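**Q** Quick one: the structure is below, questions incoming.
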Amino acid sequence: MSMSKPIADAVASAASVAAGGDGGTTRTVLLNLAAYAAAHVVLDRVWQMGLGQAKYRALSRRDRIYLAEKILSSANALVTSGLAFKAIFLDKAYDGDVLNPYPDLAHTVFASMCGYTIYDLFTMWAQGGDHWSMWIHHIMSLYGTSLIMYFRKPSFFPLLFAVSEITALANNVVWYAQTLRPTSSWLPSLMAARAVTFTVARVWIAPYALARALAQAQYDPAMLWAQWFGTSSSLTKIAAFLTALNVFTIGWFNVGWTTAVWKLAVRAIRGVPLRKAKRA
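Here our numbering is used: the first residue of the sequence shown is 219, the next is one more, and so on.
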């Protein structure tokens with residue numbers, strides 16, 4: 219995928235928020251983007267000094283970019299998944315209504331995710347080789363967070379999917395082990411732990427989202443359709459359609475990614491040679 223697509227999406231994302239007159243949100247997104255980009259430069263330098271130039275240069279260009287990116291990926295995973303979990307399951311901001319609330323914490327998560335996703339799209343372009351599903355996932359995350367900050371409904375669903383971002387932390391730990399300590403005896407255990415993390419944090423997300431939507435419609439398909447796409451719906455048509463598309467698409471990806479990491483974990487436990495982890 220060429221650079222023009224993520225850049226176009228990034229510009230459209232900022233424009234969609236700015237169109238709503240929310241200059242503060244646009245500034246927050248851009249500040250997050252700038253912070254991640256600046257941190258990447260600093261972390262890259264730290265890795266060069268920590269590893270030494272010989273070992274650093276021995277890595278592929280892709281891996282050198284990953285060294286810094288995966289620390290920032292882990293930070294984003296902890297922040298977004300933690301805040302999303304708090305808003306939904308601790309603060310119970312959506313109890314009784316998954317279509318209309320827009321808690322302040324959700325806005326914080328979306329602004330942070332939007333800035334991070336723009337940054338990460340540029341790193342993906344710079345290093346190359348990412349699976350097509352990751353491009354789709356990131357582009358969906360970009361327009362999803364941007365549009366929900368503009369339309370504000372139904373924020374429950376993208377926020378729920380943010381909970382699953384914690385799996386990036388598990389994936390990054392495996393990547394560092396494979397890259398810096400490829401013969402470590404801990405690697406099979408780390409890969410098994412990653413598979414468990416994916417199972418716990420990803421597989422249930424889409425079914426749970428559908429269950430909450432059905433519960434609000436009293437398990438009546440006709441009422442569900444009316445709440446989302448009917449003339450009296452509180453949702454804009456584009457927000458309803460893209461949210462439904464994201465739920466089904468990323469829900470499908472979640473099952474595929476979880477299956478893949480379990481296969482890799484089983485191979486590692488059996489002692490079968492493995493390729494390095496990419497993303498999830």
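Backbone N, C-alpha and C fix where the C-beta goes; we use that ideal spot for every residue, glycine too. Because the structure is a prediction, the values reported are computed rather than measured.
1. Give me the Cα-Cα distance between Ser351 and Gly242, rounded to the nearest whole angstrom.
2. Ignore the nearest five residues each way along the sequence and tell me which others in Leu301's own chain have a CB closer than 6 Å to its CB.
3. Nearest-angstrom Cα distance between Thr244 and His325?
4. Quick one: which unbroken alpha helix (DSSP H) runs of 4-plus residues sit fully inside the region 371-443? Chain order, please.
5. What does a CB cutoff of less than 7 Å around Leu408 pick up in its chain, not counting 5 residues either side in sequence?
6. Could you tell me the distance, in whole angstroms, from the CA atom of Ala228 to the CA atom of Gly362?
7. One question on the structure: do Ala344 and Ile289 come within less than 7 Å of each other, judged by their Cβ atoms?
8. Between the beta-carbon of Thr415 and the beta-carbon of Asp281, is there less than 7 Å?
9. Using 8 Å as the Cβ pair cut-off and three pairs as the minimum, do the region 377-391 and the region 291-309 touch?
10. Between Ala457 and Leu269, what straight-line distance do the alpha-carbon atoms span, to the nearest angstrom?
11. So the alpha helix (DSSP H) Tyr284 belongs to, where does it begin and stop?
12. When you compare each of Thr385, Leu405 and Cys332 to Arg488 by their alpha carbons, which one comes out closest?
13. To the nearest angstrom, report how far apart Gly471 and Ile306 are at their CA atoms.
14. Rounded to whole angstroms, what is the Cα-Cα separation between Val260 and Ile423?
15. Quick one: measure Cβ to Cβ for Asn250 and Tyr368, integer angstroms, because I've assumed they're closer than 8 Å.
16. Assuming Thr385 contacts Ala419 under a Cβ cut-off of 8 Å, what Cβ separation, rounded to an integer in Å, is found between them?
17. Mapping DSSP to helix, strand and coil, what is Lys273?
18. Pick from Leu308, Thr246, Tyr312 and Ala253: whose alpha carbon is nearest that of Glu287?
19. Go through its chain and collect everything with a Cβ distance to Tyr274's Cβ below 6 Å, but skip five positions before and after it.
20. Return yes when the Cβ of Ala388 is within less than 7 Å of the Cβ of Arg412, no when it is not.
21. For the alpha helix (DSSP H) that Thr449 lies in, which residues bound it at each end?
22. Starting from the C-beta of Ala257, find all residues in its chain whose C-beta is less than 7 Å away, skip the five residues before and the five after it, and write them out in chain order.
23. Using the rule of at least 16 other Cβ atoms within 10 Å of the residue's Cβ for burial, across every protein chain shown, is Ala429 buried or exposed?
24. Given that a residue counts as buried once 16 or more other Cβ atoms are within 10 Å of its Cβ, and exposed if not, what is Leu463?
25. By DSSP, does Gly239 sit in helix, in strand, or in coil?
26. Note the first and the last residue of the continuous alpha helix (DSSP H) segment covering Ile366.
27. Grouping DSSP H, G and I as helix and E and B as strand, with all else coil, what is Val479?
**A** Short version:
1. Counting from 1 along the sequence shown, the entry for residue 351 is found at position 133. Counting from 1 along the sequence shown, the entry for residue 242 is found at position 24. If I take the Cα positions, the gap works out to 32 Å.
2. The sequence position of residue 301 within the sequence shown is 83, counting from 1. Leu323 and Val327.
3. Residue 244 sits at position 26 when you count from the first residue of the sequence shown. Residue 325 sits at position 107 when you count from the first residue of the sequence shown. So the two alpha carbons sit approximately 12 Å from each other.
4. Within the region 371-443, complete alpha helix (DSSP H) segments of at least 4 residues are found at 374-381, 385-398, 405-419 and 423-434, given in chain order.
5. The residue given as residue 408 occupies position 190 in the sequence shown. Excluding the 5 residues flanking it on each side, Leu408 has same chain C-beta neighbours closer than 7 Å at Val391, Val392 and Ala395, in chain order.
6. Position 10 of the sequence shown, counting from 1, holds the residue named residue 228. Position 144 of the sequence shown, counting from 1, holds the residue named residue 362. Confidence in Ala228 is poor, its pLDDT being 45 and thus under 50, which makes the residue's placement too unreliable to answer from.
7. Here residue 344 refers to the residue found at position 126 of the sequence shown. Here residue 289 refers to the residue found at position 71 of the sequence shown. No, they are not a contact pair.
8. Mapped onto the sequence shown, residue 415 falls at position 197. Mapped onto the sequence shown, residue 281 falls at position 63. Cβ distance not < 7 Å, so Thr415 and Asp281 don't count as in contact.
9. yes
10. Walking along the sequence shown from the start, residue 457 turns up at place 239. Walking along the sequence shown from the start, residue 269 turns up at place 51. Approximately 47 Å, taken between the alpha carbons.
11. The residue labelled residue 284 in the question sits at position 66 within the sequence shown. Where Tyr284 is concerned, the enclosing alpha helix (DSSP H) stretches over Arg279 to Phe303.
12. As a working mapping, residue 488 is identified with position 270 in the sequence shown. Comparing Cα-Cα distances from Arg488 to each of Thr385, Leu405 and Cys332, the minimum goes to Leu405.
13. Against the sequence shown, residue 471 aligns to sequence position 253. Against the sequence shown, residue 306 aligns to sequence position 88. According to the sequence provided, residue 471 is Phe. The question's Gly does not apply to it. So the two alpha carbons sit approximately 22 Å from each other.
14. Working through the sequence shown from its first residue, we reach residue 260 at position 42. Working through the sequence shown from its first residue, we reach residue 423 at position 205. In a straight line, the C-alpha of Val260 is about 35 Å away from that of Ile423.
15. Taking the sequence shown and counting its residues from 1, the one referred to as residue 250 is at position 32. Taking the sequence shown and counting its residues from 1, the one referred to as residue 368 is at position 150. The pair is not a contact, with the Cβ atoms about 17 Å apart (cut-off 8 Å).
16. By 1-based counting over the sequence shown, the position of residue 385 is 167. By 1-based counting over the sequence shown, the position of residue 419 is 201. Confirmed, Cβ separation roughly 5 Å.
17. For the purposes of this step, residue 273 is taken as residue 55 along the sequence shown, with counting starting at 1. Shown here, Lys273 sits in a helix according to DSSP, grouped into three states.
18. The residue given as residue 287 occupies position 69 in the sequence shown. Restricting attention to Leu308, Thr246, Tyr312 and Ala253, the CA atom closest to the CA of Glu287 is found in Ala253.
19. Reading the sequence shown from its first residue, position 56 is the one you call residue 274. Same-chain partners within the cutoff: Gln266.
20. Locating residue 412 in the sequence shown gives position 194, counting from the first residue. Locating residue 388 in the sequence shown gives position 170, counting from the first residue. In contact: Arg412 and Ala388 (Cβ atoms closer than 7 Å).
21. Taking the sequence shown and counting its residues from 1, the one referred to as residue 449 is at position 231. Element bounds for Thr449: n/a, residue is neither H nor E.
22. On the sequence shown, position 39 is the one that residue 257 refers to. Hits under 7 Å: Leu290.
23. Sequence index remark: in the sequence shown, residue 429 carries index 211 (1-based). Under the 10 Å beta carbon count, Ala429 is surrounded by fewer than 16 other beta carbons and is classified as exposed.
24. Along the sequence shown, read from residue 1 onward, the residue named residue 463 stands at position 245. Burial call: exposed.
25. Position 21 of the sequence shown, counting from 1, holds the residue named residue 239. Low confidence applies to Gly239: its pLDDT is 46, below 50, so where it sits in the model is not reliable enough to give any reading.
26. Here residue 366 is taken as the residue at index 148 of the sequence shown, counted from 1. Element bounds for Ile366: Trp350 to Phe369.
27. Translated into the one-based positions of the sequence shown, residue 479 becomes position 261. In this structure, Val479 counts as helix in the three-state DSSP scheme.
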